[in-house]
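S.K.: Okay, here's the structure, questions in a sec.
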Amino acid sequence: MDEKAMWTVFGKQMSPYAVTIWVAGILGLLLFLWQGRKRKPAALALTAVLGIALGLLGARLYYVLCRWDLFAEIGWNNFFTAQEEGLESWGAANGAAFWGAVGGVCLAALLAGRLTGERVSGLLDALAPSAALGIALSRFAENSIGEGIGPEVTSEAMQFFPLAVLNEWEEWNYALFLLEGLAAAVIFVLLLDGGRKLRDGYRARMFLILYSSCQIVLEAMRRDNFLRWLFVRPSQLASALVLLGLVVFGVLRWTRRPEKERMPKQRLILCCALFAVMVPVIIWMEFAVDKSPDLSVGMAYLIEALCCAVMGVTSWQIAMKN
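What the sequence shown shows, in this note's numbering, is residues 1 to 322, in sequence order.
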């Protein structure tokens, strides 16, 4: 899709990516109201209003903090500017970041729950499918702004869509944006309320574990310029911290449960140890992609993906079963 293509919507020129984001936002809001239909209407309404405001603010704040050096150079008066002229190569086409939006929306749910007496975990459960849907739609459209491409495809036999796409220099790269979109779509389906009776907070934790586990390795495979610190992307770090936070959350819950209802102590220690070991291995693989002559890029990503899977399984065991 042409990065500079524009669509006319209600008489205004909008990029395909911007249109997709608006559609994702509207569908996400409607889905949240449906998923939370058993909750207090006042809590849903307040969460929606605060979520839009704080979600946008959080997404922008996260982006600006990640590009601190850039805004220090161009001036902090650009804080609320959606796109800074001439800075498209820095990912300024959207000027927002997902994890900041998550923080803002979670804060909105917390405030709405406290003010209306609704369970915050229940509101977060209703928000989880909307988040997955929004990610899926935005990822599918990401290539329209030149983002979401993976490593270069050197084999001519694999240079075809949807496996790969041409970049602006007429080189073939893996269509990572499609893989990320599909991963989010699968998570979305798993999160839908199919009449299952689950504990409050279950779907929210499920979303965070599945998405974070996938995102660490998928972000590593990106070859675009959006939010990058040398070989590490802030989204990878945020995903790892979210998983760590869930592990700590699970351990604290374990300490408060009656002894007969606890996960066996040896199992808990094993899960924590496995989680801890995976972190340095992933960091090692990040270095190996560019620095190791003995390990192919594909093998490094495969090992990293397996480590992320182990982190996801262990954090699931600790956070979901305690």
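Where a beta carbon is used, it is the ideal one built from N, C-alpha and C, also for glycine. Quantities reported herein were computed from a predicted structural model and do not represent experimental measurements.
Is L166 helix, strand or coil by DSSP?
M.R.: DSSP places L166 in strand when its eight states are reduced to three.
S.K.: Which complete alpha helix (DSSP H) runs does the segment 222-301 hold, if anything under 4 residues is left out?
M.R.: Correct list: 234-256 and 265-291.
S.K.: Is there at least one Cβ from chain B nearer than 8 Å to L166's Cβ?
M.R.: Judged by its chain identifiers, the structure shown contains no chain B, having just a single protein chain.
S.K.: Taking only the alpha-carbon atoms, compute the straight-line gap between E85 and I145 and give it to the nearest angstrom.
M.R.: With a pLDDT of only 44 at E85, under 50, the local geometry of the prediction cannot be trusted, and the value read off the model is given with reservation. So the two alpha carbons sit approximately 15 Å from each other.
S.K.: Distance check for R223 and S138, CA to CA, integer angstroms please.
M.R.: Taking the straight line from one Cα to the other gives about 18 Å.
S.K.: Looking at the strands, I want to know which residues DSSP matches up with N173.
M.R.: Paired residue(s): E152 and V165.
S.K.: Rounded to a whole number of angstroms, what is the C-alpha to C-alpha distance between A24 and L244?
M.R.: So the alpha carbons of these two residues sit roughly 29 Å apart.
S.K.: What's the C-alpha gap between A96 and A141?
M.R.: Their Cα atoms are separated by approximately 15 Å.
S.K.: Within its chain, find whatever has a CB closer than 6 Å to the CB of T314; leave out the 5 residues flanking it on each side and keep chain order.
M.R.: C271, L274 and F275, listed in sequence order.
S.K.: Please list the terminal residues of the continuous alpha helix (DSSP H) segment that includes F140.
M.R.: Segment V120 to F140, the alpha helix (DSSP H) holding F140.
S.K.: Is the Cβ-Cβ distance between A305 and A288 less than 8 Å?
M.R.: Not a contact, by the Cβ cut-off of 8 Å.
S.K.: A48: which of V310, L61 and L31 sits nearest, CA to CA?
M.R.: Here the closest residue by C-alpha is L31.
S.K.: State yes or no: is the C-beta of M285 within less than 8 Å of the C-beta of I303?
M.R.: Yes, these two residues count as a Cβ contact at 8 Å.
S.K.: With DSSP run on the structure shown, which of helix, strand or coil describes D69?
M.R.: Residue state, collapsed to three classes: helix.
S.K.: What residue range does the alpha helix (DSSP H) around R114 cover?
M.R.: Per DSSP, R114 belongs to the alpha helix (DSSP H) from F98 to T116.
S.K.: Tell me the rounded alpha-carbon separation between Q317 and L198.
M.R.: One C-alpha to the other measures close to 16 Å.
S.K.: Are V242 and L192 closer than 8 Å when you measure CB to CB?
M.R.: It is not a contact, given that the beta carbons lie outside the stated cut-off.
S.K.: Does the beta-carbon distance from A132 to F188 come in below 8 Å?
M.R.: Contact: yes.
S.K.: With C-beta atoms as the reference, is G148 less than 8 Å away from A101?
M.R.: No, the Cβ-Cβ distance between G148 and A101 is not below 8 Å.
S.K.: Quick check: the Cα distance between E73 and D290, rounded to an integer number of angstroms?
M.R.: Their backbone Cα atoms lie some 29 Å apart in a straight line.
S.K.: Going by C-alpha distance, which of C214, P41 and A164 is nearest S235?
M.R.: When only C-alpha atoms are compared, the closest one is C214.
S.K.: Using the three-state DSSP reduction, which class does R203 fall into: helix, strand or coil?
M.R.: If DSSP states are grouped into helix, strand and coil, R203 belongs with the helices.
S.K.: Going by beta-carbon coordinates alone, are W169 and E152 separated by less than 8 Å?
M.R.: Result no, Cβ atoms of W169 and E152 do not sit closer than 8 Å.
S.K.: On a Cα-Cα basis, can you pick out the residue from T116, I216 and S239 that is closest to G103?
M.R.: That would be S239, whose Cα lies nearest to the Cα of G103.
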